[in-house]
Amino acid sequence: MVLDKFSLKGKVAAVTGGGQGIGAATAQALGEAGAAVAILDLDPARAEASAGWLRDRGIAAEGLPLDVTSSRDVDRVAAELERRHGRVDVLVNNAGIAISEVPAEKMTDEQWRKVLAVNLDGVFYCCRAFGRGML
């Protein structure tokens with residue numbers, strides 16, 4: 000009964016960085032709660048493999064390539080999902096990177112900008128693009 004209150008049946012969820020790790024596990028949890036899940040990942044093969052794994056378990060899922068550092072790409076994918084499903088109800092901004100092999104004091108400006116492009120700009124671009132359809 001309690002879980003019925005958290006049902007996502009009939010909802011559509013998009014998960015960035017959903018091709019592996021925490022993103023894939025989050026996508027699985029959303030799917031098990033009843034959502035149709037769009038796995039969005041920079042690597043198209045990884046996105047589709049993750050979606051296929053979910054489909055094998057009876058979860059409605061699709062894999063799409065997405066570069067969160069490109070506002071144009073984010074806008075395109077958000078519009079495509081809204082066309083296909085009518086709306087996106089849940090957005091999980093999971094895509095992220097870390098440059099762990101370089102300590103902060105040795106990190107170049109270029110390396111830092113790459114981290115910001117994915118971890119900050121990407122979150123903003125996704126919130127802006129997907130949020131338009133949620134208002």
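Residue numbers (numbering that gives the first Met the number 0): 0 to 134.
All C-beta atoms in this analysis are idealised placements derived from N, C-alpha and C, irrespective of residue type, glycine included.
Cβ contact annotation for glutamate 81 (same chain, cutoff 7 Å, sequence separation greater than five): Val87 and Gly132, in chain order.
The Cβ atoms of alanine 23 and isoleucine 38 sit closer than 9 Å to each other. Between the beta-carbon of valine 89 and that of leucine 7 there is about 7 Å, and that keeps the pair under the 8 Å contact cut. DSSP places glycine 16 in the coil class of the three-state scheme, outside both helix and strand.
Counting only residues of its own chain and dropping the five nearest sequence neighbours on each side, aspartate 66 has a CB closer than 7 Å to the CB of Leu41 and Asp72. Within the stretch 4-65, the runs of beta strand (DSSP E) at least 3 residues long that lie entirely inside it are, in chain order, 11-15, 35-40 and 60-64.
Excluding its 5 nearest sequence neighbours in each direction, glutamate 31 has C-beta neighbours in its own chain below 8 Å: Ile58, listed in chain order. Assignment of valine 89 by DSSP, reduced to helix, strand and coil, places it in the strand class.
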